[in-house]
Amino acid sequence: MTHITRISKDFHADIGIQCDNYLGSQKSSNWKGINFFYGKARLREPIENKVSRHYSLSVLEHVNIFHAGRDTYGKAVPALEAMGQPPVINNLNLRYSAFDGINLYKPDDTFVIENSIVADNRGHGISVNSSISQVTLSRVKVRGNGGDGVHFWHHDSYDTAPSFCDTGNIGEEQIYPVRRSHVQRREQRYVQACEQVFEVASWTGQVLTVNFMGFSSDVSDPNHASRIDVYDGPTDSSRLLASVPIINNTFPESVTSTRQKILLKYRPRIHYDASFVVEIVANQGKAYDLNITDSEISSNQGKGIAVYEQKSGTLVNDSNVIENGYLAGLHVATGSGDVVINSTSIRGNEGGGVNLTHAGGFVHIDRSSVANNNGRGVAFWFNETSEHITFNHTVHITRSELVNNTLYGILMGNQCLADSFWNISLNSFRNSRDSGIYVSPCWSLNKKVAQSIVLVTHNQFLDSDYLALEASPVLHTHLLVEHNEFRGHERGVIHVSGLDDDDFSNVPAKVEIRHNYFAFNNGKFVANIGVGKETYVQELFFYKNELERNSIREPFHGLNPRSRVCAVVVVSSQNTYVYRNMFENPESTYQLGSHVEKHQIIINGTYNYWGSVRVKEVYERIFDRKDRYNLARVEFLPFLTISSDLDDSASISDSHERDKIIPFQNGSEIGGEVPGSIFLPRGTYTVTRDIYVRPGNGRLHIEPGAILKFDRSVGMMVQGTLISESDLETQPILYTINDHATIGQDKAKIRLSKDTEGLLEVHVNGVWGSVCDYGWDIVDASIACNQMGLVLHPEDWLMEQSEFDSSHYEILLSNVQCTLQDTDITLCKAEKDFEKSCTSKVGLRCYNPSWSGLRLGMAAGESRLRNIIVERAGLLDFATNTFKPALQIDFNRHVLEKLKIRNNIDSGVGIMWNEVFVSESRKLIDSEFLNNHRHGLVIHTQGLNIYRCEMTNNDGSGIHYNPMFSKLEQRDLISWVNLEERNKIIRIPEDISGNIFLRSDEHRYFVFTKTKTPKRFSVTTTSGRSVGVVVLNSFKETSSENLAFYGRLEITLDAPRWDVRNNLTAFPLRTPGYGMLVDYQPGQAPSGQAIIYVASVDGQRSKPVWETQPKIHIDSIDIKGCKRGLSSHHFNRDISDYGDHFHRYSNETILVTNTNISDSKAEAVYVWAPFWDPFIKNLAEVISSYVYHFSEGHVRTFV
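Counted from 1, the sequence shown has number 297 at position 297 by UniProt numbering; the numbering is strictly sequential.
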């Protein structure tokens, strides 16, 4: 295969061609060369060292071979070719061959090429295909060849050999190499274990290497296969080196003793076929397949050194592997065994320095330089599907330098094969243009799969563009990072994260980062640390580190953080512990920040030194729930008051009153937690951090005429009570953005042709130009918008070519590949020197940022919102491109009147749950929804009356019904159920001891734990009332749990039964009597996590059943100029493949009366049932629609 154009960034050839091996006229002057066909060889008899060797009687010494490689038929052939034992080669100068320089096939024994030059040949420099170990190249220069410099391929070749079990042993008199074979047939009625001890005399200093070949059996399961056990000594009490299963067509790696004796013990399995051949070789040290010493492999167009089907190992010692042109300087592609690199320089190679994709083995890189490679420095990607079997998964990279490689310095990939040990110590990582070390995980759900121990110790990481260390996600790994120095990184230093996936919650991982020094680093963080979000088998400890003089600031002017704050250390999971560290970073805005989006979680940040002993100063530089309501709280008290001794137990702060540290109000500036009752009289207030009204006694009163101006991305969460009402029409309460906090766009390096949309224009090397859309994705687009002080909306960002003028400017960037650490689109990885073949340019739409909005939470008491204006809201988090309705109501039990919701960049109002167990459905009345970017009103559940409202010029629907919560929305809603409120929470089965009685209007939450104890119990209320049941969070589909409710206090044949597992459409339900029986069956694999809301509710027994069912009633509504007037979605399943929840009802009713729908840009009424299929499930279909007084539109129904 000849690669004739550049290699793309994923190392696939842009173009590959297969050439015929006949030469053109330009090589007519070449002669054939020299061919040895099983030339004469002689056996050198062993005398003292007991090793027998063949050597050729032919010698090539001080010979020049130029311009060879063409046979009489014009076919390309190697200049020097040998089949059988090659000649003795010393001081050979071979150049300008029309094909390979040297091609050696099936040598009879080991051989050496030394003091030679193989250069400027059109094929491989040296190509060897051998079944014999110990091919040695010493003081050889292989350079400028058109293929690989050294191309080595191992193949097994074996004949009959004496029986392993029946041949006697002669101890130290044994002549090596020696072979033994064994054949066992399944019809044999008697098989016996046998063993052999092989040895060499101790004075020789030799050790023994065992090669395995010819494996054949009728067993594929290693647990049922016959085995060969190899011991490092004469008895089975010696150390076990390997236990080799005999499986058909597998190829175990070679095993080498450390002593002069080695025991091979055969353990047969009766009634199975099994055959094998073993070869034992004596040598001074391990008998490597390929040994390259004191040599130079350079400037070859292919790989420098390519090894295939390795058996024993490859040794590269005191050599230079430089500027080779394809994939890697050294590539061990297939096989198994050791790779040892000592005192070697590997630099300037295309595709990478060292690329190991074989099945694994012992790897040792010491005192070497891996530098300036266009790709990864050292890459491990072990082949777990290989038929090669490995025993030693140990990697040592020590006392080496990894400098200025364009991708990772070290890539540690695919570690599922076996337990492995990685030691990366005493190295220097400098000027890396990507992460210094990237630890890629083993993606296995099996918690008992192979585990990796990774030590990163005593290294120096300096002046890199990207991270020093990245392990994301960390799985099946114990990672220890200690005694390292990290300086001068531009885009962060350490990033360790878990996987936000319930399927991996049982996969173990442990990370310790300790005794490290971090200084003079920049970016979004120094350390971004965390493990899995919902797991108890993963944990991370960050302690006794020194972090000083780092400069960490928000990179985008005018954009405020929410869940992705920039801080010296940011924590992304609850089971992360930050303690006894030294923080002294005056140029950083925040020293510690929470990325944990769980308000009820507490992050342990105690006993750190923060650079100050003033509590308020310390807390102002910690970003947590006091700043954004959805974040975990950092517990930073007590803290150290000295930095000289991080183990000190006496110099500890004595303050414990965190609530008094940051007051809610400071003049006209407000923000933070509302623990009791706070009144805001008429006036103008600037909100600089989220307002969080605590559950229980938290109560915020906002009086008529008050104006609250929120900084960008700042909002309000009410878990207590909000009274925001004005009876004066001329004095509404206004919630809006703080315009004074707005900073203009930064257009020095990037801009859009029409303010916030159009052709993307970039300034590179003093010239304005455009960007090719090849490789362009939402990450690149988001950074581009943020760089201009704008935000990206994930549903409206990519413009079609017809939407903007693309005639201006030459394309300067193509295949842009930004990461989440990048902050400048012009500095992201991209192709700048490329063929001018791209004709499609990037068109981008961005949005001006807004504040977050108001939110009435799950636990909020009945709040009153009357005569208020909410405008220019909807941006929850620019870093995650997350938007929310300007007013979101999680559980609607509130008074909503005379709302004016206008000019918001998402939907106007979003109602998640409606309280359905009331005598009359909740109301939204006399309100206006104007010019919102998405829908005017979004309703996710039944049970709402909408009266006398106006929906005008919203970009989505005027009213949109969608009974779906995304996986993240569902998780977020459930997280606001206060599980610590013990008088409201009943844990099942632990808290069940008898009947549960609900007083009038009392409610409880059933929270199911991961326990295998079944429970049957009753729930009752006062006579004449009923028990209402709402399933807030159902059981996982993979769980074995089930829950049934019976409409009586005992189980009878005629008792109504509602099954949570099989009939979620029955919920919410109201029992026919004052009580019910609950039957919980956990099964063998419960997952817990289900949450059920139960309440004492009005029985409404005098009403017909249809009147008690929740519905949506739309009456006297004027919907004008929206994209659609009314839209609704309907589903026939409970949970999607992605974890989205569909809250279906047995009868979904949307009643539309006295309503005008006009000037719609699309359908007046749009009904969509995306999963409807009568041949699978007929659980949801549209029955009828009633719409009055609509014009200039039409009705579309999709089922």
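Beta carbons are placed, not taken as given, at the ideal position from N, Cα and C, and that holds for glycine. Predicted model only: the values in this text are computed from it and were never measured.
CB contact check: residue i to chain C, cutoff 9 angstroms
{"i": "Ser163", "result": "Included in the structure is just one protein chain, with no chain C present."}
CB of residue i within 9 angstroms of CB of residue j, strictly
{"i": "Ile280", "j": "Arg180", "result": "yes"}
{"i": "Leu876", "j": "Tyr847", "result": "no"}
{"i": "Cys194", "j": "Tyr266", "result": "yes"}
{"i": "Ile270", "j": "Asp232", "result": "no"}
{"i": "Ser668", "j": "Ile661", "result": "no"}
{"i": "Leu722", "j": "Leu708", "result": "no"}
{"i": "Tyr326", "j": "Lys303", "result": "yes"}
{"i": "Thr209", "j": "Ser254", "result": "yes"}
{"i": "Pro586", "j": "Arg549", "result": "yes"}
{"i": "Gly958", "j": "Ile1157", "result": "yes"}
{"i": "Gln888", "j": "Gly853", "result": "yes"}
{"i": "Met912", "j": "Phe1131", "result": "no"}
{"i": "Tyr1093", "j": "Phe1006", "result": "yes"}
{"i": "residue 1255", "j": "Ile175", "result": "For residue 1255 there is no data in the structure shown, the boundaries of the chain being 1 and 1199."}
{"i": "residue 1202", "j": "Gly492", "result": "Residue 1202 falls outside the range modelled here, since the chain spans only 1 to 1199, and no answer is possible."}
{"i": "Leu973", "j": "Gly1028", "result": "no"}
Under the three-state DSSP convention, the category residue i falls into
{"i": "Trp768", "result": "strand"}
{"i": "Pro561", "result": "coil"}
{"i": "Asp1098", "result": "strand"}
{"i": "Gly530", "result": "coil"}
{"i": "Cys949", "result": "coil"}
{"i": "Ala859", "result": "coil"}
{"i": "Asn786", "result": "helix"}
{"i": "Lys1123", "result": "coil"}
{"i": "Phe504", "result": "helix"}
{"i": "Asn223", "result": "helix"}
{"i": "Trp797", "result": "coil"}
{"i": "Glu1002", "result": "coil"}
{"i": "Gly1047", "result": "coil"}
{"i": "Ile707", "result": "strand"}
Bounding residues of the alpha helix (DSSP H) (the contiguous stretch that carries residue i)
{"i": "Asp338", "result": "Looking at the DSSP string, Asp338 is not in any alpha helix (DSSP H); the run it does join, the beta strand (DSSP E), is Asp338 to Asn342."}
{"i": "Val618", "result": "Val615 to Glu620"}
C-alpha distance - residue i paired with residue j, whole-angstrom precision
{"i": "Asn892", "j": "Gly720", "result": "13 angstroms"}
{"i": "Thr160", "j": "Gly353", "result": "41 angstroms"}
{"i": "Glu703", "j": "Pro681", "result": "5 angstroms"}
{"i": "Ser1039", "j": "Gly498", "result": "23 angstroms"}
{"i": "Trp443", "j": "Ala450", "result": "11 angstroms"}
{"i": "Ile642", "j": "Ser649", "result": "11 angstroms"}
{"i": "Asn995", "j": "Glu1050", "result": "13 angstroms"}
{"i": "Glu635", "j": "Val578", "result": "10 angstroms"}
{"i": "Asn392", "j": "Ser202", "result": "25 angstroms"}
{"i": "Pro794", "j": "Asn431", "result": "35 angstroms"}
{"i": "Glu1148", "j": "Arg1057", "result": "21 angstroms"}
{"i": "His331", "j": "Trp381", "result": "11 angstroms"}
Where the beta strand (DSSP E) containing residue i begins and where it ends
{"i": "Arg971", "result": "That residue, Arg971, is in no beta strand (DSSP E); its alpha helix (DSSP H) goes Lys967 to Ser975."}
{"i": "Val909", "result": "Val909 to Asn914"}
{"i": "Lys265", "result": "Lys261 to Arg267"}
{"i": "Gly492", "result": "Where Gly492 is concerned, there is no enclosing beta strand (DSSP E), given that its DSSP letter is neither H nor E."}
{"i": "Phe556", "result": "Taken as a continuous stretch (DSSP letters only), Phe556 belongs to no beta strand (DSSP E), as it is neither H nor E."}
{"i": "Gln888", "result": "Leu887 to Asn892"}
{"i": "Asn355", "result": "Glu350 to Leu356"}
{"i": "Phe429", "result": "Ser428 to Arg430"}
{"i": "Cys194", "result": "Cys194 to Glu199"}
Proximity test, residue i beta-carbon vs the ligand NAP heavy atom, cut-off 8 angstroms
{"i": "Arg712", "result": "Summarising the ligand content, the structure contains no ligands, and the ligand NAP is consequently not present."}
Nearest-angstrom Cβ-Cβ length linking residue i and residue j, presumed shorter than 8 angstroms
{"i": "Gly1099", "j": "Glu1041", "result": "In fact, because the Cβ distance is near 30 angstroms, the residues do not count as touching under 8 angstroms."}
{"i": "Asn516", "j": "Phe541", "result": "Between Phe541 and Asn516 the Cβ distance is about 12 angstroms, and since that is not below 8 angstroms, they are no contact."}
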